[in-house]
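Presented below is the structure to which this report refers.
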Amino acid sequence: MNTAIALFAFNRPDLFQKTLTALSHNTLANKASLTIFCDGPRHELEEQKTRAVRELAKRANGFAALEVVEYSQNIGCAASIINGLTEMFRLHERLIVIEDDIVTSPHTLRFLSEGLARYADNEKVFNIAAWTPPHIARNLPAEYPYDVYAIPRLNCWGWASWRDRFQDIDWTVKDYRTFKNSPQLRKAFNAGGDDLSSMLDDQMEGKIDAWDIRADYARFKKNMLGINPVRSYALNIGMGSGTHTTTATTYWDSDISLAVEHPRFLDDITVDLRIHKAYHACYSRQKHSLPVRAINKLTRMLSGKNLIS
Numbered sequence: 010m011n012t013a014i015a016l017f018a019f020n021r022p023d024l025f026q027k028t029l030t031a032l033s034h035n036t037l038a039n040k041a042s043l044t045i046f047c048d049g050p051r052h053e054l055e056e057q058k059t060r061a062v063r064e065l066a067k068r069a070n071g072f073a074a075l076e077v078v079e080y081s082q083n084i085g086c087a088a089s090i091i092n093g094l095t096e097m098f099r100l101h102e103r104l105i106v107i108e109d110d111i112v113t114s115p116h117t118l119r120f121l122s123e124g125l126a127r128y129a130d131n132e133k134v135f136n137i138a139a140w141t142p143p144h145i146a147r148n149l150p151a152e153y154p155y156d157v158y159a160i161p162r163l164n165c166w167g168w169a170s171w172r173d174r175f176q177d178i179d180w181t182v183k184d185y186r187t188f189k190n191s192p193q194l195r196k197a198f199n200a201g202g203d204d205l206s207s208m209l210d211d212q213m214e215g216k217i218d219a220w221d222i223r224a225d226y227a228r229f230k231k232n233m234l235g236i237n238p239v240r241s242y243a244l245n246i247g248m249g250s251g252t253h254t255t256t257a258t259t260y261w262d263s264d265i266s267l268a269v270e271h272p273r274f275l276d277d278i279t280v281d282l283r284i285h286k287a288y289h290a291c292y293s294r295q296k297h298s299l300p301v302r303a304i305n306k307l308t309r310m311l312s313g314k315n316l317i318s
């Protein structure tokens, strides 16, 4: 069975080319079926760049199969991804998802595929992530024996999941009012980071247009966890600091050359409280909330998506 990959692209041909090249260099690329979703331009000034992205997409090689889905008009980052996920999960039981500014290690597809196979029937696992905050590895307990850990958050800088986790997501968040007015629910959701409840507020108030916070809320309601690598298999190059390098240069950049080829996976899916404490500190309201919001606002204006997941 071929690995199914959904790649979402918009108007950044330079970044998309790097993403596509890195993905094609993965060890399992030649066994993967790649579907590229290309959103349409928001205005005439974007037509040249969106056309360039589509031309690159149609020339993609190194994969077992290729399909390019082109939207004639701009439907937005969230709608593009939600529509694409809905269609892909209709066709496939399991799926790997990459966006157009995510450079992957050559081991990424293997890592995500192994995670999908290992945890397919585990009711505690919502997704497998390719990225992790870089300081997790630096603060890992010395005796920790695994190359992955469980955390109550969906990280979407390269990830994978299954149809049965996504097919019933309520993208309209019908119970939002109940959540908004419940301090207990808000605190519980923020176990994955102090920014989560406020991001859901921003989404529901129309301040942002994001799919991932709604998917993460669905994960929370299912009482499920994400599986993250100790050392990242993916690097976000969308802000420029990582555009020309795969070494760790900022708080959020990771050195993907350290990605483990044969990772040791968890058998017992529980949250290690020591790792959880270090992880939660990455999204501490006091330390990072304002920078994260400012960066996300800037990148959403430029590309229609959040930088920091």
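Going left to right, the sequence shown walks through residues 10 to 318 as the numbering used here numbers them. Beta carbons: idealized from backbone N, C-alpha and C, even for Gly.
Exposed unless 16 or more other CB atoms sit within 10 angstroms - verdict on residue i
{"i": "Phe19", "result": "buried"}
{"i": "Ser206", "result": "buried"}
{"i": "Pro22", "result": "buried"}
{"i": "Trp228", "result": "Checking the displayed sequence, the identity of residue 228 turns out to be Arg instead of Trp. The residue in question, Arg228, is buried, as its Cβ has 16 or more Cβ neighbours within 10 Å."}
{"i": "Lys27", "result": "buried"}
{"i": "Ser122", "result": "buried"}
{"i": "His101", "result": "buried"}
{"i": "Leu54", "result": "exposed"}
{"i": "Ser191", "result": "exposed"}
{"i": "Thr254", "result": "Bear in mind that the predicted position of Thr254 carries a pLDDT of just 36, short of 50, making it too unreliable to give a figure here."}
{"i": "Asn245", "result": "buried"}
{"i": "Ala202", "result": "Position check: residue 202 holds Gly in this sequence, whereas Ala was assumed. The residue in question, Gly202, is buried, as its Cβ has 16 or more Cβ neighbours within 10 Å."}
{"i": "Ser328", "result": "The structure shown does not extend to residue 328, since the chain is modelled only from 10 to 318, so the question has no answer here."}
{"i": "Ala126", "result": "exposed"}
{"i": "Ser114", "result": "buried"}
{"i": "Gly215", "result": "exposed"}
{"i": "Lys296", "result": "A caution first: Lys296 carries a pLDDT of 47, below 50, which makes its placement in the model too unreliable to give a value."}
{"i": "Thr44", "result": "buried"}
{"i": "Thr12", "result": "buried"}
{"i": "Arg174", "result": "buried"}
{"i": "Pro154", "result": "exposed"}
8 Å Cβ cutoff met for residue i and residue j
{"i": "Leu29", "j": "Ala73", "result": "no"}
{"i": "Gly71", "j": "Ser33", "result": "yes"}
{"i": "Tyr288", "j": "Pro142", "result": "yes"}
{"i": "Ala200", "j": "Arg240", "result": "no"}
{"i": "Phe25", "j": "Ser89", "result": "no"}
{"i": "Trp168", "j": "Ala146", "result": "no"}
{"i": "Lys67", "j": "Val77", "result": "yes"}
{"i": "Ala31", "j": "Ile14", "result": "no"}
{"i": "Met233", "j": "Phe135", "result": "yes"}
{"i": "Tyr128", "j": "Ile236", "result": "yes"}
{"i": "Pro104", "j": "Ser170", "result": "Reading off the sequence shown, one finds Leu at residue 104, where the question assumed Pro. Against a cut-off of 8 Å, the Cβ pair of Ser170 and Leu104 comes out as a contact."}
{"i": "Met208", "j": "Val182", "result": "no"}
{"i": "Arg51", "j": "Asn83", "result": "yes"}
{"i": "Lys196", "j": "Asp210", "result": "no"}
{"i": "Pro150", "j": "Arg283", "result": "yes"}
{"i": "Gly247", "j": "Asp110", "result": "yes"}
{"i": "Tyr292", "j": "Asp204", "result": "yes"}
{"i": "Trp180", "j": "Ile91", "result": "yes"}
{"i": "Ile107", "j": "Gly124", "result": "no"}
Strand pairing of residue i, partner residues [DSSP]
{"i": "Ile236", "result": "Ile137, Ala159"}
{"i": "Phe46", "result": "Phe17, Val78"}
{"i": "Asn245", "result": "Ile111"}
{"i": "Thr28", "result": "Thr28 pairs with nothing; no bridge assigned."}
{"i": "Ala41", "result": "Thr12"}
CB contact check: residue i to chain D, cutoff 8 Å
{"i": "Asp211", "result": "Protein chain content of the structure displayed is limited to a single chain, and chain D is not contained in it."}
Residue i CB to nearest heavy atom of the ligand GTP below 7 Å
{"i": "Ile265", "result": "Ligands in the displayed structure: none, and consequently the ligand GTP is not present."}
Within 8 Å, do at least three Cβ pairs link the segment 214-231 to the segment 156-170?
yes
Return the chain-ordered ranges of every alpha helix (DSSP H) run that is complete within the segment 100-172 and spans a minimum of 4 residues.
117-128, 144-147
At 4 residues or longer, and completely inside the segment 175-207: list those alpha helix (DSSP H) runs for me, N to C.
185-189, 192-198
With three or more beta-carbon pairs closer than 8 Å as the criterion, would you say the segment 35-46 touches the segment 114-124?
yes
So, do the segment 149-160 and the segment 274-282 have three or more beta carbon pairs nearer to each other than 8 Å?
yes
Taking the runs of the alpha helix (DSSP H) that are 4 residues or longer, which of them lie wholly in the segment 265-297?
282-291
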